[in-house]
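Quick note, the sequences are listed as chains A and B, same order. Counting in my numbering, the first sequence runs from 930 upward without gaps. Counting in my numbering, the second sequence runs from 930 upward without gaps.
Protein chains: 2
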Amino acid sequence: MSLLICGSIALDTVENEHGKVAEALGGSATYTSIAASYLCDHIAIVGVVGEDFPQEYIELLEKRNVDVTGVETAKGKTFRWCARYDDLSEAITLDTQLNVFEEFSPKIPKKFEGAEYIYLGNIDPSLQKEVLQKMNNTALIGADTMNLWIETKNKELKELLPQIDVLFINNDELKMLTEEKNLLKAANIAVEMGPKFVVVKQGEFGAFIYSKNMLFFTPIFPTTIVKDTTGAGDCFAGGFMGYLSSVGKTDEKSMKKALIYGTILSSYNIEDFSIKKVCKISKEDIQKRYEKLKIFTQF
Amino acid sequence: MSLLICGSIALDTVENEHGKVAEALGGSATYTSIAASYLCDHIAIVGVVGEDFPQEYIELLEKRNVDVTGVETAKGKTFRWCARYDDLSEAITLDTQLNVFEEFSPKIPKKFEGAEYIYLGNIDPSLQKEVLQKMNNTALIGADTMNLWIETKNKELKELLPQIDVLFINNDELKMLTEEKNLLKAANIAVEMGPKFVVVKQGEFGAFIYSKNMLFFTPIFPTTIVKDTTGAGDCFAGGFMGYLSSVGKTDEKSMKKALIYGTILSSYNIEDFSIKKVCKISKEDIQKRYEKLKIFTQF
């Protein structure tokens, strides 16, 4: 099956107690597609960059077999994000320069309109809806969102939710979206808003997936190396969507395994800045953590 | 095997958004022993009450087959604790009246000195050490602690740690004890302080157990009914110690299962105030949640 990923492509400047990177490869579409590339073939990315976007980053995506036909080069500069972490669980945005991303209107190359698996990175829900209008053969649609859209684009987000299958959201955002503190009740309310599944990301405490028919938890994959949490949620989605796209199934068992692969890809991501570590792993590394996570959870 | 539980016995007045109870049965030894009583026989409790302690509460313990020979009735009033919860994850203590608990010196009845499984509820580490000096046939010793002792009795706590097998602690307390933010590193430091295992309680995110040879995670047992979290950690310890005492084993597989039984007993506890709900369940109820938790975690 093919997986279409639409989202941001950015140059990130990130600083924390472990060091600093300047203008490193970032953006939700980038992280998600590179993470997914370890699990499935036929990945295409849709996004926009400026004329200053380094060619080496395009080559890095291509090297991971990500089809970049849908990456538009617009007049102007690439989206830039600058942040500091005092605590690795929360980024403090120091500067955001939307640049070419401000006028982004996703253009889906004709050849990708039949993609079965779609992932909508964390962008304006109006744009997420636009993408879906162009797709004609979807099997499973996943979408991420954030507090900003819950607050400022609530109507558009609620119009999107019945059109998607899996909503990716974190604890705080879920409570905000549903106005409910109990996570289980909140997940149920979210599902009643439209998506069949809600994947709730819980930072260092793992994640769970909820639908009317299933509930499944995973802890994080435990690691003592935590350098930078930027992109962890996007890599999670990449592992999740990549696995489902590879097996072409959306049954309960596959959804559980998808959550595990999401967990593992995000566990690699946090071990270094930007997408550095994820670019260095192998399929065998992933499988080893998969087996270890079994030992850590099966009784 | 027999399980000896030493800790507080209290009368709790607790208020939160779901209601209020006044002078309800509380205390770590109470919660732990009642929870454990569903999993093992031969449970004895050591603690102190005042002359005003209601006979019905003693009968409640006896009805659950908890041996109360070690419950001393001292001159004066029973330990009282009064708290309010604005958020169910954190109690705000309004009033503490130590009363007879202030002069508590655990007296172990001769017939319990050979108990194999020992649980030391959250009391002054000097008292916890005192109990251990009297025991002569231990197979496994578990102990709980808290921020107060980490701060005010650090030396005594660190003397206790090499004498116990399982330390029960929550996330924040673990970070405080070890001065390490990464939970995996922190658990390792805690184990280097003496106990073979550290059981880390993570509130609504479950728990994990760590030793030099094993790591195992459990989520909470998900429930939409959360009325009062008082005693959840004590019931967790009760399920954990009760299971180990029933099987008489401390191998890796048993430790994993113990963590699951701890999770399940605490999940019942939070469904009502005081020990009300835990007093109403059956062994079959527990087994049903055990099987459900398998479905929620196995892949």
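Glycine included, each C-beta is placed from N, C-alpha and C at the ideal position.
- Chain B has a Cβ within less than 7 angstroms of the Cβ of N1111 (chain A).
- Minimum Cα-Cα distance from V978 (chain A) among the listed residues A:F1146, A:P1035 and A:I1189 corresponds to A:P1035.
- Rounded to whole angstroms, the gap between the alpha carbons of Y967 (chain A) and T961 (chain A) is 11 angstroms.
- Around the beta carbon of D1157 (chain A), 16 or more other beta carbons lie within 10 angstroms, which makes this residue buried.
- Our two residues, G1168 (chain B) and V1127 (chain B), have alpha carbons roughly 16 angstroms apart in a direct line.
- In summary, D1180 (chain A) is exposed, with fewer than 16 beta-carbon neighbours lying within 10 Å of its beta-carbon over all protein chains present.
- With a cut-off of 8 angstroms on Cβ pairs, the stretch 1158-1177 of chain A is in contact with the stretch 1193-1202 of chain A, counting three or more such pairs.
- The secondary-structure analysis by DSSP pairs N945 (chain A) across a beta bridge with A:G948.
- The C-alpha of L932 (chain B) lies about 6 angstroms from the C-alpha of A973 (chain B).
- Listed as beta-bridge partners of F1097 (chain A) by DSSP are A:D1073 and A:V1128.
- Listed along chain A, the residues sitting closer than 7 angstroms to I1189 (chain B) by beta-carbon distance are F1228.
- Counting only runs of at least 3 residues, the stretch 1124-1210 of chain B fully encloses the following beta strand (DSSP E) elements, listed from N- to C-terminal order: 1126-1130, 1136-1139 and 1144-1147.
- In the DSSP annotation of this structure, D1024 (chain A) is not part of any alpha helix (DSSP H); the continuous beta strand (DSSP E) holding it starts and ends at E1019 to Q1026.
- In terms of beta-carbon proximity, K1130 (chain B) stays away from the interface with chain A, with every pair separated by 7 angstroms or more.
- Contact between the stretch 1011-1027 of chain A and the stretch 942-958 of chain A is present, with at least three C-beta pairs closer than 8 angstroms.
- Between F1228 (chain A) and K1185 (chain B), the gap from beta carbon to beta carbon is short of 7 angstroms.
- If you look at D1016 (chain A), you'll find it in the beta strand (DSSP E) that goes R1009 to D1016.
- In the three-state reduction of the DSSP assignment, T1067 (chain B) falls in the coil class, being assigned neither a helical nor a strand state.
- Out of B:I1098, B:E1042, B:D1094 and B:L1061, the CA that lies nearest to the CA of T1074 (chain B) is found in B:I1098.
- DSSP lists A:A973 as the bridge partner or partners of D996 (chain A).
- Taking 7 angstroms as the cut-off, the Cβ atoms of L1096 (chain A) and C935 (chain A) do not count as close.
- Of the candidates A:K1063, A:N1065, A:D1101 and A:L1106, the residue whose Cα lies closest to the Cα of K1084 (chain A) is A:L1106.
- The residue among A:Q1216, A:A1166, A:Y1190 and A:G1191 with its C-alpha nearest the C-alpha of N1051 (chain A) is A:A1166.
- Boundaries around L1049 (chain B) are those of the beta strand (DSSP E), Y1046 to L1049, since no alpha helix (DSSP H) includes it.
- In this structure, F1150 (chain B) keeps its C-beta atom at 7 angstroms or more from the C-beta atom of F1137 (chain B).
- Straight-line spacing of the CA atoms in D1024 (chain A) and E1032 (chain B) works out to 59 angstroms.
- Note on geometry: alpha-carbon atoms of I987 (chain B) and E1019 (chain B) lie some 29 angstroms from one another.
- At least 7 angstroms separates the beta-carbon of M1170 (chain B) from that of A939 (chain B).
- Judged by DSSP in its simplified three-state form, I1079 (chain A) adopts helix.
- Each residue's CA atom was taken as its position, placing P1091 (chain A) and D970 (chain A) some 28 angstroms apart.
- Following the DSSP letters along the chain, one finds L1113 (chain A) inside the alpha helix (DSSP H) bounded by residues L1112 to E1121.
- For F1202 (chain A), the closest Cβ of chain B is not nearer than 7 angstroms.
- Minimum Cα-Cα distance from L989 (chain A) among the listed residues A:G1005, A:I963 and A:K1206 corresponds to A:I963.
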